[in-house]
Amino acid sequence: MKKQIALSFKSVTILLIFLSSVVACSGPQAEDLANSTENGSFNDQSSGGGSEEVGVGPENPGEGDDPTPTAPTTPEIRTARWEGVSGGRAWTIFTYQTLKDYTPALFTLAPRDVASFCPNYSNLDEYERRDFWVYLISAMAYFESGFDPSTDYREAFNDSHGNPVISKGLLQISDESARGYGCAVANTRSLYDPEINLDCTIRILKRWVDRDGVISGKSGSRWRGGARYWAVLRKTSTLSNIKAWTRSQSYCR
63 MKKQIALSFK SVTILLIFLS SVVACSGPQA EDLANSTENG SFNDQSSGGG SEEVGVGPEN
123 PGEGDDPTPT APTTPEIRTA RWEGVSGGRA WTIFTYQTLK DYTPALFTLA PRDVASFCPN
183 YSNLDEYERR DFWVYLISAM AYFESGFDPS TDYREAFNDS HGNPVISKGL LQISDESARG
243 YGCAVANTRS LYDPEINLDC TIRILKRWVD RDGVISGKSG SRWRGGARYW AVLRKTSTLS
303 NIKAWTRSQS YCR
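Heads up: the sequence shown begins at 63 in my numbering, then just goes up one per residue.
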């Protein structure tokens with residue numbers, strides 16, 4: 063009986079010792095371990111003693127990133143005088159874009175007489191200058207063809223081969239002239255194409271405005287600038303109307 067009591071007492075003692083060790087392990091170290099596991103971070107002793115937080119990203123994702131770049135704005139291409147006819151807007155856009163294809167570009171030039179066409183020209187930026195030249199060409203086209211790309215006119219003189227000179231299209235250009243200026247004329251119908259005709263117009267106008275330094279002028283009895291080629295830049299009646307129309311544009315006032 064005494065032996066059984068002694069064994070029971072020993073068992074109780076062992077149990078108490080075990081419970082004490084469990085309580086000791088539930089202190090701060092156990093709590094830290096639990097918290098580390100819960101937060102997803104721990105000290106990696108094998109990495110040289112440093113600590114690295116795992117799985118934790120920035121508090122506000124995207125904060126501090128460069129903003130999405132804003133696309134550059136393209137200035138609106140202003141209307142020209144032919145906008146009211148079929149195809150007119152396309153002619154405006156084509157002429158506006160083609161102006162930059164020739165060097166020096168018309169809009170980089172400052173003809174001596176440009177103020178009589180556009181008083182504010184010297185203060186215009188590149189895009190507004192392009193608007194001016196498009197409008198000027200459209201004003202010339204009004205008197206040359208009435209904005210009818212299919213129109214033609216037999217001149218009162220012959221070409222160098224003795225053939226009749228036929229001026230064609232929006233700006234009334236002849237095949238012989240077009241070839242002489244290096245325009246892309248594949249056949250006798252080419253100049254009825256508005257884009258071919260306008261491209262050739264820019265080429266011719268650019269050459270003489272650049273060389274003579276004027277849009278329309280005279281040196282002695284000889285015409286200079288665009289007036290070398292187009293009669294509408296010589297005649298007082300048509301030239302005065304063209305100047306009045308270009309001066310009336312908001313960017314020219």
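Ideal Cβ positions, reconstructed from N, Cα and C, are used throughout, including at glycine.
These figures come from a predicted structure and were not determined experimentally.
Annotated three-state conformation of F219 is strand, per DSSP.
Sequence-distant partners of I199 (beyond 5 residues in either direction) whose C-beta falls short of 8 Å from its own C-beta, in its chain, are A142, T157, L233, L260, T263, I264, L267. When Cβ pairs closer than 8 Å are counted between the two stretches, the region 302-314 is seen to touch the region 170-181, the count reaching three or more.
DSSP assignment within the region 172-212 yields the following whole alpha helix (DSSP H) runs of 4 residues or more, N-terminal first: 176-179, 188-207. The beta carbon of F194 sits closer than 6 Å to the beta carbons of C180 from its chain, once the five residues preceding and following it are set aside; these are given in chain order. Contact between G244 and S207 is ruled out by a C-beta separation of about 22 Å, above the 8 Å threshold. When secondary structure is reduced to three states using DSSP, D255 falls in the coil class, being assigned neither helix nor strand.
About 5 Å separates the CB atoms of W270 and G287; that is less than 8 Å, so the two are in contact.
Bridge partners of P137 according to DSSP: none are assigned. Per DSSP, the unbroken alpha helix (DSSP H) holding R151 starts and ends at 150-160.
Counting along the chain, G242 sits inside no beta strand (DSSP E); it lies in the alpha helix (DSSP H) bounded by residues 237-242. Cβ contact annotation for L168 (same chain, cutoff 6 Å, sequence separation greater than five): L161, W195, K268, in chain order. Around the Cβ of I277, a 10 Å sphere holds 16 or more other Cβ atoms; the residue is buried. With respect to the 8 Å criterion, P226 and Y189 are not classified as neighbours on the basis of their beta carbons. In the structure shown, S281 falls within a strand segment according to DSSP collapsed to helix, strand and coil.
Counting along the chain, the unbroken alpha helix (DSSP H) around S299 starts and ends at 298-309. I266 is bridged by DSSP to nothing; it lacks a bridge partner.
Around the CB of D274, 16 or more other CB atoms lie within 10 Å, so the residue is classed as buried. When secondary structure is reduced to three states using DSSP, G146 falls in the coil class, being assigned neither helix nor strand. Beta-carbon to beta-carbon, C314 and Y164 are separated by about 23 Å, too far to satisfy the 8 Å threshold.
Annotation: V147 to R140 spans about 16 Å, alpha carbon to alpha carbon. DSSP places S312 in no beta strand (DSSP E); its state is neither H nor E.
In the DSSP assignment, D214 forms a beta bridge with K230.
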